[in-house]
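**Student:** Residue numbers (this note's numbering), protein chains in the order written: chain A, 1 to 404; chain B, 405 to 808; chain C, 809 to 1212; chain D, 1213 to 1616. Quick one: this structure, given as structure tokens, is what I'll be asking you about.
Protein chains: 4
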Amino acid sequence: MSQISIGESSERASEIKNRLTAFMDEYIYPNESVYYSQVANGERWKILPLIEELKARARTAGLWNLFLPESDLGPGLTNLEYAPLCEIMGRVTWSAEVFNCSAPDTGNMEVLVRYGSPEQKEEWLAPLLAGEIRSCFAMTEPDVASSDATSIKTSIVRRGDNWIINGRKWWTSGAGDPRCRFAILLGRSSPDAPRHLQQSMIIVPLNAPGVSINRMLTLFGYDDAPHGHAEVNFENVEVPIANMILGEGRGFEIAQGRLGPGRIHHCMRLIGLAERALELMCQRVQSRVAFGRKLSEMGSIRQDIAQSRIEIEQARLLVMKAALMMDTQGNRAARQEIAMIKVVAPIMAQRIIDRAIQSHGGAGVSQDTFLAAAWAGARSLRLADGPDEVHLESIARLELKRYD
Amino acid sequence: MSQISIGESSERASEIKNRLTAFMDEYIYPNESVYYSQVANGERWKILPLIEELKARARTAGLWNLFLPESDLGPGLTNLEYAPLCEIMGRVTWSAEVFNCSAPDTGNMEVLVRYGSPEQKEEWLAPLLAGEIRSCFAMTEPDVASSDATSIKTSIVRRGDNWIINGRKWWTSGAGDPRCRFAILLGRSSPDAPRHLQQSMIIVPLNAPGVSINRMLTLFGYDDAPHGHAEVNFENVEVPIANMILGEGRGFEIAQGRLGPGRIHHCMRLIGLAERALELMCQRVQSRVAFGRKLSEMGSIRQDIAQSRIEIEQARLLVMKAALMMDTQGNRAARQEIAMIKVVAPIMAQRIIDRAIQSHGGAGVSQDTFLAAAWAGARSLRLADGPDEVHLESIARLELKRYD
Amino acid sequence: MSQISIGESSERASEIKNRLTAFMDEYIYPNESVYYSQVANGERWKILPLIEELKARARTAGLWNLFLPESDLGPGLTNLEYAPLCEIMGRVTWSAEVFNCSAPDTGNMEVLVRYGSPEQKEEWLAPLLAGEIRSCFAMTEPDVASSDATSIKTSIVRRGDNWIINGRKWWTSGAGDPRCRFAILLGRSSPDAPRHLQQSMIIVPLNAPGVSINRMLTLFGYDDAPHGHAEVNFENVEVPIANMILGEGRGFEIAQGRLGPGRIHHCMRLIGLAERALELMCQRVQSRVAFGRKLSEMGSIRQDIAQSRIEIEQARLLVMKAALMMDTQGNRAARQEIAMIKVVAPIMAQRIIDRAIQSHGGAGVSQDTFLAAAWAGARSLRLADGPDEVHLESIARLELKRYD
Amino acid sequence: MSQISIGESSERASEIKNRLTAFMDEYIYPNESVYYSQVANGERWKILPLIEELKARARTAGLWNLFLPESDLGPGLTNLEYAPLCEIMGRVTWSAEVFNCSAPDTGNMEVLVRYGSPEQKEEWLAPLLAGEIRSCFAMTEPDVASSDATSIKTSIVRRGDNWIINGRKWWTSGAGDPRCRFAILLGRSSPDAPRHLQQSMIIVPLNAPGVSINRMLTLFGYDDAPHGHAEVNFENVEVPIANMILGEGRGFEIAQGRLGPGRIHHCMRLIGLAERALELMCQRVQSRVAFGRKLSEMGSIRQDIAQSRIEIEQARLLVMKAALMMDTQGNRAARQEIAMIKVVAPIMAQRIIDRAIQSHGGAGVSQDTFLAAAWAGARSLRLADGPDEVHLESIARLELKRYD
């Protein structure tokens, strides 16, 4: 019998949730300002001591690699069990990394767990799982509508024992991090194959000759250092044959597997982010007075709060349904639900954060709260992994199919 | 462990669901036009032969009084088990009565089951449960903002062995039905008691001297015959002492119990109504051609369909959560969830039906589909049982309380 | 220099406006309940004495045929001058007829003024201008997407000195009125001509053999008697050659001219309707108390009022701009503006009326105010003369054209 | 007769508009990348050579101080005449300064023109009008809800021949600019006076001892260098008596005069910004292909374009109406219109820019177009000069007053 737990959870997941909450209370929330001051001081693309210190603590605390479903490389939680944990991490935008649960590494680890060769696992997966290195995912290209992945142009050409890669990628997130060791790159290896068999995924070490970071992109003014979003050039980059994942032309097959969980993790985190924005808003309007009344006594603000609660509840339930379907029926059967939550969660978060910003006045748009930066992140997720329009189209296609 | 079932359900509930679906297919959908032609011909306030015939069949089929939670007067389903059944009935606006599951009788039966005296149960509850009579609920008054129930003015005054009732009620739904035998009336019996102990609920036979139907109201042009919405005058109506329910001044206490399930039943039905509107829309746009293309190929219509699917899913999950909380934690603990779904479901249904109307062109606003009348019904539920504004205020109050 | 007057107007238009306002105050508002009681009593499809009486008064008062631009058959006002007058009439949904300014007669008169032969003018236009007869417009068909006028199927076939008409039309508004003497019908006369030259407009007397009213349609439960919306059958209807307007295959050419002003008149009236709904809302919330406060003190209601004022102002200005462009640059040059206001005005009116309904509680959806019926009318105008989607598409096409 | 010109304008304004357009084409658009590279290189708080060069050209071209209504210090245009010019400048966010028409200097100049003493005019106004110095406006405070100006806490205390100022201000825009010479500061000088007579405005030289910039604020990640938004401390700052503007306790009186035009200028610029975003969107979707079709062929994108056109037109007309009312009836009579446009314009711009961002994919949120930064600016204007909620409240209050 398929079920969604509400409020409660499996015993194992509950126990982890309690420990995670305690960890957040003890180590994450109290260090938020430390984090931002470490980011602000000195070089932008650097290793933050705070993160390394907290990672060690989290690993010791058994709060590590929680995202991997049904795996013995972590606690092996289901997607449904992971959802409330991921939500908690989402409350502080930078905290997921502390638990080795941050994008894009989680997606890359999942690819390597599922499709990597033993050698790939040893060389690239093991240090990622250990949190010793970071990775990135090079898919989107500036010159084509990457929402249509068949239009990807970066070429992967065989030459002797190597693949030669040429192309330009952008929004390669995480590439700013000095610990970032490799990219999983999607490129066209087989231009003459059928449309969905032309693309491959391949591991590209970032220190390979010909790989260069062209520039770092900003997201509504934020560079998101030290993680960062890079535009990366690949010029005649040589990569050993063994770096091809799963096999030539199987890029889409992998992408299907990779994107489902990745999308839903973002959504889970956005639930947590929205919850925290609502908390902040409630605290603000309880304490701020204008025109002789607490802001919390004003009817339109009360409606904003009520609507926010409604939207969060509905989004969370949809995330849980999607997670449950992935667990019980597989990612493919859940694709309408995944598309739905991919549309719902960022818009919901954007809206709720925007209301929280409005209730904060000038503080809301500034660096004094996490709100403005969180809004920018939520906004970007209406484009990342495909724009809303593409997902709405998928939902409609699946819906109309029933009436053919 | 608290859980929501998705798609699947308890074995007992599943079995009933299958039988209900079969009944709908065999007896309800094929009789929709029969229903409307029986309504259209002759007198408006009459007994429809079709309904009586189908009631007998449904009772024989064991599809009777499904709504009563944890009771041996029906199958005794939980709210969560009842939700998908109620949703199915909601697909045809008049079908719930066939299963003796229609408002306002369900709410009245629940009141009498919980709070009625043995004599009240025998005289009023038994024939209601048997579907032999109908009842109505006289609460809203034209002269006061009835959303604030403390403002109700109808007086209930003791005189000897009787209560004397004076006042005017409206939106007394179901009073048009010739089988409607009594009203449960909310009135002020104890004007000097504390605010929430002034009101009582009392059983008023509709044939008591002094009860008169002033006029029937229309809802966006619909009189909703033969059920109808009445404005009822109560002039020196004498009612025996024994008709008081639970006790003087306990009207609010009863209302709390009555309104929770009633509200959520409306919401469950609205989910079914919205699903059917979306089905109709999909079928329409697949078959209609304009400017050389099927309507279903037009991008904005596809987005409407996708959004509708998203909104239905989220509303259904929220209904299920509210139902589960009522089952496991009680109506009081679930009051924020009940308020949320009371706001969400009518607006959702209104919006989806409106899109379906738009896709039907002139047919959508006419009598050729169920859409226009269904829209009016959904719209009225943004006011019935309290306007949206009152529920949003409750949600906000509960939310802000956490930060006091 | 092209200008929009705000608040003020040409001297002539100002003077008429003052007289019209006085007429409304003296004869229309005080007779609203009389109108509805005349409609309610007896036969539905009848002549209302009130209307005939008021028409005589209005004609005497020189408030007659105000809509005809630059014509000596009325005061010959420009569209811009007519806008505020039409808005005032729109405040009472049935009042335009009193001034012989009601649809669809206005559109038909305009067609005959512009394109009618001298004989057509004498026989059909003269009594229409005199308010002695009524007319209707038979365009929409139940079996095709009439928003794409090229799909109209009703056939007009030449046989000797007659045209033979076969087809079925619906939403032929005004055909319920016993005074309705003829229809202007759009049908396909020239199936082999290029797409936009296949259709013709022809005058069909409603008493011609073969013309029959199949049924009257309802609009959200309203039959809009005694005007009404008919489904009309045309079976081998013979019409003299002389009844063809302008010439065979010129139906689209006429439609272009007919629809522009017709569309904008509806919009002007909707402005007035929305203003009156807002007035009613303000009065209601000033006088109604709930939870110890006037409704007008509640923040969310105040925001609704503010938003309504904003939306009305913007819509009115857009109507005025469109009118001015029609006056100074012609209907064709104004087609983006006409399409814009056709989308804006009904949605604006719908939204504002809906807020007014909500503030009225149960009274708002009933027959106790004009709101529910007015809402239904506004809703239907999102379909009449083409659904929103078609107009949005036109606006987009014109916008994108600039970048070709 | 009061009128709004559409498309056309007074001869004088038309002539200036042509020259301004030509200037934009020749000097502004071609220099956009130069501007951003001068900003990006080196120190953030500096004088940009490009701006100084273009200012000289604009002044020579007679495109200088266009904003001052009815004044001989510039061409003395009316607000209505200035509207289309200001809109044009708004197309490039940094261009208004080139014409000495940028905020907050325009507001400050207006204050000094209207209320300044001859000495104040000579010392502070003259160099501002000449573009030799810049100024800022110190009103908002971090510790109070500054939307309620009576809550401003910064104190202005008389001591001998000086005023002593103590307090903290933020969102003091323009204070980052090395040319910024003084602030007009709003503070409480008369705590014992009636509520609206407690505040004064005073000129504070930024180099006065005790004035220090605490930090620069970011707006969604943008520091808006070299203009900037500062948090400024005032500690025992001594200012000569002569720096008080108009007189003690007259701060609100000045604010009324200052804020009206300032608000509407922002709105005019936002119209231009939105127009340009729509242009960029149209160009983008005409040139970008996904899934085998131009983006411009996709129905939902076409609807976005149509809606954007509709929203821009309506907002522009409302700006023009407000401007006209200010010109003909005064700022006070126009206050409902000013409040309306203050609510409408930023939301409209935000929405249109957001659609343009969405159509650009990753480029839209990055530094590759002006869109992301422009969005942040539009968002901040929903707070600057009072949050939307305060203006909606004013509109509602004025609306309801008619029914008292």
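Just so it is clear, CB atoms sit at the ideal spot from N, CA and C, and this is done for glycine as well.
Please determine if the stretch 979-998 of chain C and the stretch 1199-1206 of chain C are in contact, where contact requires at least 3 C-beta pairs separated by less than 8 angstroms.
**Tutor:** no
**Student:** Suppose the cutoff is 7 angstroms on Cβ atoms and the five residues either side in sequence are ignored; what does the same chain contact list for glycine 1018 of chain C look like?
**Tutor:** Phe1042, Glu1043, Asn1044 and Val1045
**Student:** Which residue spans inside the stretch 1331-1399 of chain D form an unbroken alpha helix (DSSP H) run of at least 4?
**Tutor:** 1338-1341
**Student:** At a Cβ threshold of 9 angstroms, is glutamate 1611 of chain D touching chain C?
**Tutor:** yes
**Student:** Give the straight-line distance between the Cα atoms of alanine 1315 of chain D and glycine 1080 of chain C, rounded to the nearest whole angstrom.
**Tutor:** 39 angstroms
**Student:** Please list the partners that glycine 299 of chain A has in chain C, where partner means a Cβ-to-Cβ separation under 9 angstroms.
**Tutor:** Here the neighbours are Glu1105, Met1106, Gly1107, Ser1108, Ile1109, Arg1110 and Gln1111.
**Student:** For proline 84 of chain A, which beta-bridge partners are listed by DSSP?
**Tutor:** Answer by DSSP bridge pairing: none, since proline 84 of chain A is not bridged.
**Student:** For isoleucine 824 of chain C, decide whether its Cβ has a neighbour in chain D, counting only Cβ atoms nearer than 9 angstroms.
**Tutor:** no
**Student:** Spatial neighbours of threonine 1362 of chain D within its chain, please: C-beta separation below 8 angstroms, excluding the five flanking residues on both sides.
**Tutor:** Arg1407, His1408, Gln1410 and Gln1411
**Student:** Are any of the Cβ atoms in chain A nearer than 9 angstroms to that of glycine 1574 of chain D?
**Tutor:** yes
**Student:** Does the stretch 1498-1516 of chain D come within contact of the stretch 1430-1441 of chain D, defined as at least 3 CB pairs closer than 8 angstroms?
**Tutor:** no
**Student:** Please work out which residues of its chain come closer than 8 angstroms, Cβ to Cβ, to lysine 929 of chain C, disregarding the five sequence neighbours upstream and downstream, and give them in chain order.
**Tutor:** Leu920 and Val921
**Student:** Roughly how far, in whole angstroms, is the beta-carbon of methionine 744 of chain B from the beta-carbon of isoleucine 310 of chain A, given that I think they are within contact range, below 8 angstroms?
**Tutor:** 5 angstroms
**Student:** Alpha carbon to alpha carbon, what distance is there between isoleucine 47 of chain A and glutamine 1519 of chain D?
**Tutor:** 46 angstroms
**Student:** Does the stretch 379-398 of chain A come into contact with the stretch 1461-1478 of chain D, if we say contact requires no fewer than three beta-carbon pairs (one atom in each stretch) closer than 8 angstroms?
**Tutor:** no
**Student:** Counting only Cβ pairs nearer than 7 angstroms, list the residues of chain B close to glutamine 198 of chain A.
**Tutor:** Near glutamine 198 of chain A there are no residues of chain B at all, since even the closest Cβ is about 27 angstroms away, more than 7 angstroms.
**Student:** State the start and end residues of the unbroken beta strand (DSSP E) segment that holds phenylalanine 875 of chain C.
**Tutor:** Per DSSP, phenylalanine 875 of chain C belongs to no beta strand (DSSP E) and is neither H nor E.
**Student:** Report buried or exposed for isoleucine 1453 of chain D, applying the criterion of at least 16 other Cβ atoms within 10 angstroms of its Cβ.
**Tutor:** exposed
**Student:** If contact is defined by three or more beta carbon pairs under 8 angstroms, each pair taking one atom from either stretch, is the stretch 461-474 of chain B in contact with the stretch 495-513 of chain B?
**Tutor:** yes
**Student:** Identify whether valine 351 of chain B lies in helix, strand or coil by the three-state DSSP scheme.
**Tutor:** Outside the shown range of chain B (405 to 808) lies residue 351 of chain B, about which nothing can therefore be said.
**Student:** Under 9 angstroms, Cβ to Cβ, is there at least one residue of chain C near glutamate 793 of chain B?
**Tutor:** yes
**Student:** Give every residue of the same chain whose Cβ lies closer than 7 angstroms to the Cβ of valine 952 of chain C, excluding the five residues on either side of it in the sequence, and list them in chain order.
**Tutor:** Ser959, Ile960 and Lys961
**Student:** Within its chain, find whatever has a CB closer than 8 angstroms to the CB of arginine 332 of chain A; leave out the 5 residues flanking it on each side and keep chain order.
**Tutor:** Gln256
**Student:** Return the CA-CA distance between asparagine 445 of chain B and glutamate 819 of chain C, expressed in angstroms with no decimal places.
**Tutor:** 57 angstroms
**Student:** DSSP three-state call for histidine 1035 of chain C: helix, strand or coil?
**Tutor:** Reduced to three states, the DSSP call for histidine 1035 of chain C is coil.
**Student:** Locate the alpha helix (DSSP H) running through proline 1261 of chain D, then write down its first and last residues.
**Tutor:** 1261-1272
**Student:** Name, please, each residue of chain D whose Cβ falls closer than 9 angstroms to the Cβ of aspartate 148 of chain A.
**Tutor:** Val1501, Ala1502, Phe1503 and Gly1504
**Student:** Rounded C-beta distance between leucine 993 of chain C and methionine 1009 of chain C? I'm assuming under 8 angstroms.
**Tutor:** Going by Cβ atoms, the distance from leucine 993 of chain C to methionine 1009 of chain C rounds to 7 angstroms, so yes, they are a contact pair.
**Student:** Comparing the C-beta of aspartate 1135 of chain C with each C-beta of chain B, is any distance below 9 angstroms?
**Tutor:** no
**Student:** At the 9 angstroms Cβ level, is aspartate 581 of chain B part of the contact set with chain C, yes or no?
**Tutor:** no
**Student:** Taking the straight line between their C-alpha atoms, what separation do you get for lysine 342 of chain A and arginine 263 of chain A?
**Tutor:** Taking the CA atoms as reference points, lysine 342 of chain A sits about 6 angstroms from arginine 263 of chain A.
**Student:** Whether or not the stretch 354-373 of chain A and the stretch 1343-1350 of chain D are in contact is what I'm after, with contact meaning three or more pairs of Cβ atoms, one per stretch, closer than 8 angstroms; do they touch?
**Tutor:** no
**Student:** Using 9 angstroms as the limit for Cβ to Cβ distance, is aspartate 1212 of chain C near chain D?
**Tutor:** For aspartate 1212 of chain C, the closest Cβ of chain D is nearer than 9 angstroms.
**Student:** Nearest chain D C-beta to valine 1019 of chain C closer than 9 angstroms, yes or no?
**Tutor:** no
**Student:** Three-state secondary structure (DSSP) at threonine 1239 of chain D?
**Tutor:** Correcting the residue type first, residue 1239 of chain D is tyrosine in the shown sequence and not threonine. In this structure, tyrosine 1239 of chain D counts as helix in the three-state DSSP scheme.
**Student:** Starting from the beta carbon of leucine 219 of chain A, find every residue of chain D whose beta carbon is closer than 8 angstroms, and list them in chain order.
**Tutor:** Gly1433, Val1577, Ser1578 and Ala1584
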